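Q: Take this structure first; my questions come after.
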Amino acid sequence: MTEQPLSQTATSMRAGRTRFLMLGLVFINIIINYMDRTNLSVAATEMAGELRFTPMEMGLIFSAFGWIYAALQIPGGFLIDRLGARLVYGVGLFVWSLITLLHAFASTFAALFGLRLGVGAFEAPVMPANNRVISSWFPEHERASAIGIYSSAQFVGLACMTPLLFHVQDAFGWRGLFLITGLAGMVWALLWYWLYREPHQHKRVSAAELNYLRHNGALLQSEQGHHPTKACWRDLAQMFRSRKLVGIYIGQFTISATFWFFLTWFPTYLVEYRHMGFIKSGYVASVPYFAAFCGVLLAGFASDRMMRRGVSTSVARKLPVILGLFLTLFILGANYTDDSTLIIVFMSLAFFGNGLATITWVFVTALAPRHLIGLAGGVFNFTGALSSIVVPIAIGALIDGDNFAPALAFIAVLAAIGIGSYLFIVGKIDHVSAG
Numbered sequence: 199m200t201e202q203p204l205s206q207t208a209t210s211m212r213a214g215r216t217r218f219l220m221l222g223l224v225f226i227n228i229i230i231n232y233m234d235r236t237n238l239s240v241a242a243t244e245m246a247g248e249l250r251f252t253p254m255e256m257g258l259i260f261s262a263f264g265w266i267y268a269a270l271q272i273p274g275g276f277l278i279d280r281l282g283a284r285l286v287y288g289v290g291l292f293v294w295s296l297i298t299l300l301h302a303f304a305s306t307f308a309a310l311f312g313l314r315l316g317v318g319a320f321e322a323p324v325m326p327a328n329n330r331v332i333s334s335w336f337p338e339h340e341r342a343s344a345i346g347i348y349s350s351a352q353f354v355g356l357a358c359m360t361p362l363l364f365h366v367q368d369a370f371g372w373r374g375l376f377l378i379t380g381l382a383g384m385v386w387a388l389l390w391y392w393l394y395r396e397p398h399q400h401k402r403v404s405a406a407e408l409n410y411l412r413h414n415g416a417l418l419q420s421e422q423g424h425h426p427t428k429a430c431w432r433d434l435a436q437m438f439r440s441r442k443l444v445g446i447y448i449g450q451f452t453i454s455a456t457f458w459f460f461l462t463w464f465p466t467y468l469v470e471y472r473h474m475g476f477i478k479s480g481y482v483a484s485v486p487y488f489a490a491f492c493g494v495l496l497a498g499f500a501s502d503r504m505m506r507r508g509v510s511t512s513v514a515r516k517l518p519v520i521l522g523l524f525l526t527l528f529i530l531g532a533n534y535t536d537d538s539t540l541i542i543v544f545m546s547l548a549f550f551g552n553g554l555a556t557i558t559w560v561f562v563t564a565l566a567p568r569h570l571i572g573l574a575g576g577v578f579n580f581t582g583a584l585s586s587i588v589v590p591i592a593i594g595a596l597i598d599g600d601n602f603a604p605a606l607a608f609i610a611v612l613a614a615i616g617i618g619s620y621l622f623i624v625g626k627i628d629h630v631s632a633g
């Protein structure tokens with residue numbers, strides 16, 4: 199047993215590293231993806247002032263993305279299984295970036311609400327596509343690390359991009375912010391389509407690397423049949439009959455809830471409710487994002503290391519998630535202090551925990567039938583995406599004058615539910631039967 203990890207590592211080094219180039223492309227995709235999600239939160243204060251939106255109206259605009267994003271997760275999963283990640287990702291990225299650019303010309307609640315719906319629609323296949331790429335390009339014993347790396351992009355992107363976006367808006371206004379971020383995404387979409395290929399189609403992949411992937415659990419598209427997967431209601435029903443899958447769906451909703459607080463209301467919380475300066479808030483907001491970045495990388499590499507050392511799959515995969523959800527409870531600490539430093543400490547602990555818990559995509563490939571990875575990813579991300587609808591509206595409703603405390607308590611309660619789901623519903627990690 200002790201020789202296996204060394205053998206895998208040596209084989210990996212000899213096989214080649216084209217898969218890491220593909221991982222790099224996904225990493226950049228995620229940075230672009232989350233830049234186009236968070237630019238609204240940066241623009242929110244100035245936009246709401248200029249267009250005279252109430253907190254409830256801003257909550258609805260924040261949530262608009264999630265309404266159609268959630269609704270299209272399952273169709274997006276079918277689409278990924280049928281057409282592949284290269285085409286679906288490339289078209290989606292280009293169109294949502296174009297819609298982002300069009301935000302610059304909106305002047306009414308209805309226009310902004312509609313544009314956010316458009317961004318949500320074309321971003322819908324993103325997470326199932328990421329999971330499909332990693333499942334195809336990485337063997338099972340490297341997968342949590344790969345997921346940790348690409349998941350970290352959302353946090354490092356937010357950490358690095360947030361101060362930059364604040365400066366862009368300060369220089370060009372909120373309309374200029376949307377023009378610049380939209381154009382950047384359109385350019386990158388063309389580069390993605392030019393550079394990405396499946397393992398069996400990529401000219402740089404050696405026979406050794408292809409064999410390494412084939413014999414270590416990578417889900418090579420060319421070896422899953424030549425006929426595209428057809429949508430089947432029986433397959434969809436199977437996604438909800440398994441207690442284990444339902445458990446990770448509940449957990450994903452609670453984990454995503456914390457993320458969507460930071461992605462939507464957090465900058466407004468710092469500026470409007472903690473009275474920090476606008477530019478200062480951009481830098482302060484980056485601290486919890488860096489903490490989450492560290493958390494997700496630590497979780498991915500630690501989980502794979504435990505697997506290589508012979509720790510059971512259940513412990514190796516679930517421990518970072520449960521620990522992360524526990525640390526998320528520290529968000530409550532911000533309700534009991536007015537000290538800016540302590541507020542950021544509590545927020546950073548909570549978001550570090552959220553980063554630890556964000557390797558949950560590993561459960562999709564660990565639990566779902568292999569021929570339904572795209573569909574399972576769509577259902578999984580659908581339940582997480584529901585939080586992008588619920589959380590912004592709930593926070594807008596829970597804010598009582600200048601009192602933000604009920605909103606943070608709401609996030610903590612959801613984290614506690616997530617802990618219970620992984621402890622008592624998910625249980626042992628093994629594949630759901632394909633029958």
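By the count of the working numbering, the sequence shown reaches residue 633 at its end, each step adding exactly one.
All C-beta atoms, glycine included, are put in the ideal place defined by N, C-alpha and C.
Since this is a predicted model, take the numbers as computed values, not measurements.
Residues bridged to residue 598 by DSSP?
A: Within the sequence shown, the letter at position 400 stands for residue 598. For residue 598, which the question treats as bridged, DSSP gives the partners 601.
Q: For residue 364 versus residue 317, is the C-beta spacing smaller than 8 Å?
A: Position 166 of the sequence shown, counted from the first residue, corresponds to residue 364. Position 119 of the sequence shown, counted from the first residue, corresponds to residue 317. Result no, Cβ atoms of residue 364 and residue 317 do not sit closer than 8 Å.
Q: Take the Cβ of residue 516 as the centre, count every other Cβ of all protein chains shown within 10 Å, and call the residue buried at 16 or more, exposed below.
A: Counting from one through the sequence shown, the residue named residue 516 turns up at place 318. Classification for residue 516: buried.
Q: What does a CB cutoff of less than 8 Å around residue 535 pick up in its chain, not counting 5 residues either side in sequence?
A: Here residue 535 is taken as the residue at index 337 of the sequence shown, counted from 1. Annotation for residue 535: 541 and 544 place their beta carbon closer than 8 Å to its own, counting only its chain and skipping 5 residues before and after.
Q: Let me know the alpha helix (DSSP H) ranges lying completely inside the region 201–289, each 4 residues or longer, listed in chain order.
A: 201–213, 216–249, 253–269 and 271–281
Q: Classify residue 424: buried if its beta carbon has 16 or more other beta carbons within 10 angstroms, exposed otherwise.
A: Locating residue 424 in the sequence shown gives position 226, where the first residue counts as 1. Here the model assigns residue 424 a pLDDT of 43, short of 50, so the residue's position is not dependable and the matter cannot be decided.
Q: With 16 as the cutoff for other CB atoms within 10 Å, does residue 295 come out buried or exposed?
A: Here residue 295 corresponds to residue number 97 of the sequence shown, with the count starting at 1. A residue is called buried once 16 or more other Cβ atoms fall within 10 Å of its Cβ, and residue 295 is buried on that count.
Q: Output yes or no for whether 8 Å exceeds the beta carbon distance between residue 164 and residue 627.
A: With the chain running from 199 to 633 in the structure shown, residue 164 is simply not present.
Q: Using three-state DSSP, classify residue 414 as helix, strand or coil.
A: Working through the sequence shown from its first residue, we reach residue 414 at position 216. It is coil, neither helix nor strand.
Q: Please list, in chain order, all residues of the same chain as residue 311 whose beta carbon is under 7 Å from its beta carbon, the five residues on each side excluded.
A: Here residue 311 refers to the residue found at position 113 when the sequence shown is read from its first residue. Answer for residue 311: 258, 259 and 262, listed in chain order.
Q: Quick check on the burial criterion: 16 or more other C-beta atoms within 10 angstroms. Buried or exposed for residue 288?
A: Here residue 288 refers to the residue found at position 90 when the sequence shown is read from its first residue. That one is buried.
Q: Nearest by alpha-carbon distance to residue 374: which of 302, 334, 387 and 406 is it?
A: Reading the sequence shown from its first residue, position 176 is the one you call residue 374. It is 302.
Q: By Cβ distance below 6 Å, which residues in the same chain neighbour residue 305 in space, the five residues on each side in sequence not counted?
A: Looking up residue 305 in the sequence shown gives position 107. The answer is none, since no qualifying residue turns up.
Q: Can you give the beta carbon distance from residue 342 to residue 498, rounded, assuming they're within the 8 Å contact cut?
A: For the purposes of this step, residue 342 is taken as the residue at position 144 of the sequence shown. For the purposes of this step, residue 498 is taken as the residue at position 300 of the sequence shown. So it is a contact: roughly 5 Å between Cβ atoms.
Q: Taking 7 Å as the limit between beta carbons, can you name the residues of its chain near residue 191, skipping five residues before and five after?
A: Lying outside 199 to 633, the shown extent of the chain, residue 191 is not represented and no answer is given.
Q: If you reduce the DSSP assignment to three classes, tell me which class residue 622 lands in.
A: Residue mapping note: residue 622 aligns to position 424 of the sequence shown, counting from 1. DSSP places residue 622 in helix when its eight states are reduced to three.
Q: Just the C-alpha distance for residue 580 and residue 233, rounded to the nearest angstrom, thanks.
A: As a first step, residue 580 must be located in the sequence shown, where it is residue number 382. As a first step, residue 233 must be located in the sequence shown, where it is residue number 35. Whole-angstrom Cα-Cα distance: 20 Å.
Q: Run through DSSP, which three-state label would residue 321 get?
A: For the purposes of this step, residue 321 is taken as residue 123 along the sequence shown, with counting starting at 1. The answer is helix: DSSP assigns residue 321 an H, G or I state.
Q: Tell me which residue opens and which closes the alpha helix (DSSP H) that residue 538 is part of.
A: For the purposes of this step, residue 538 is identified with residue 340 of the sequence shown, where counting begins at 1. Here the alpha helix (DSSP H) through residue 538 covers 538–554.
Q: Take residue 220 as the anchor and find which of 248, 335 and 266 has the nearest alpha-carbon.
A: One-based indexing of the sequence shown puts residue 220 at position 22. Of 248, 335 and 266, the residue nearest in Cα terms is 335.
Q: Return the CA-CA distance between residue 597 and residue 444, expressed in angstroms with no decimal places.
A: Numbered from 1 along the sequence shown, position 399 holds the residue referred to as residue 597. Numbered from 1 along the sequence shown, position 246 holds the residue referred to as residue 444. Their backbone Cα atoms lie some 31 Å apart in a straight line.
Q: By the 10 Å Cβ neighbour count, where 16 or more other Cβ atoms means buried, how is residue 156 classified, buried or exposed?
A: Shown here, the chain extends from 199 to 633; a query on residue 156 therefore has no answer.
Q: Taking residue 290 as the reference, give the member of 400, 387, 473 and 414 with the closest Cα.
A: In the sequence shown, counting from the first residue as 1, residue 290 sits at position 92. Of the listed residues, the one whose Cα sits closest to residue 290 is 387.
Q: Which same chain residues end up closer than 6 Å to residue 454 when comparing Cβ atoms and leaving out the 5 residues on each side of it in sequence?
A: By one-based count along the sequence shown, residue 454 stands at place 256. The residues are 582 and 585.
Q: Starting from the C-beta of residue 574, find all residues in its chain whose C-beta is less than 8 Å away, skip the five residues before and the five after it, and write them out in chain order.
A: Taking the first residue of the sequence shown as position 1, residue 574 is located at position 376. The residues are 275, 437, 443, 562, 565, 566 and 567.
Q: Kindly list the residues whose CB is nearer than 7 Å to the CB of residue 490, restricted to its own chain and excluding five residues on each side of it in sequence; keep chain order.
A: For the purposes of this step, residue 490 is taken as residue 292 along the sequence shown, with counting starting at 1. Cβ neighbours of residue 490 beyond the five flanking positions: 353, 549, 550, 552 and 553.
Q: Going by beta carbon distance, what residues of the same chain come within less than 8 Å of residue 448, once the five residues before and after it are set aside?
A: Here residue 448 is taken as the residue at index 250 of the sequence shown, counted from 1. The answer, listed in chain order, is 581, 615, 616, 619 and 623.
Q: Can you find the residues in the same chain that come closer than 7 Å, C-beta to C-beta, to residue 384, ignoring five residues on each side of it along the sequence?
A: The residue labelled residue 384 in the question sits at position 186 within the sequence shown. Excluding sequence neighbours, residue 384 sits near 292, 295 and 296.
Q: Give the range of the alpha helix (DSSP H) segment to which residue 384 is assigned.
A: Taking the first residue of the sequence shown as position 1, residue 384 is located at position 186. Following the DSSP letters along the chain, one finds residue 384 inside the alpha helix (DSSP H) bounded by residues 341–393.
Q: For residue 463, which residues in the same chain have their Cβ closer than 6 Å to its Cβ, ignoring the five residues on either side in sequence?
A: Stepping through the sequence shown from its first residue, residue 463 is reached at position 265. Around residue 463: 593.
Q: So what's residue 401 in DSSP terms, helix, strand or just coil?
A: Here residue 401 refers to the residue found at position 203 when the sequence shown is read from its first residue. Note: residue 401 maps to coil in three-state DSSP.
Q: Does DSSP classify residue 327 as helix, strand or coil?
A: Mapped onto the sequence shown, residue 327 falls at position 129. In the structure shown, residue 327 sits in a helix (DSSP, three-state: H, G or I).
Q: According to DSSP, is residue 474 part of a helix, a strand, or is it coil?
A: Residue 474 sits at position 276 when you count from the first residue of the sequence shown. It is coil, neither helix nor strand.
Q: From this set, 591, 418, 482 and 458, which residue's C-alpha is nearest residue 332's C-alpha?
A: Translated into positions along the sequence shown, residue 332 becomes position 134. It is 418 whose Cα lies nearest to the Cα of residue 332.
Q: Which same chain residues, not among the five before or five after residue 327, have their C-beta less than 7 Å away from its C-beta?
A: As a first step, residue 327 must be located in the sequence shown, where it is residue number 129. Only 278, 283, 286 and 287 meet the Cβ criterion.
Q: Nearest by alpha-carbon distance to residue 493: which of 577, 256 and 522 is it?
A: Taking the first residue of the sequence shown as 1, we reach residue 493 at position 295. Comparing Cα positions, the closest option is 522.
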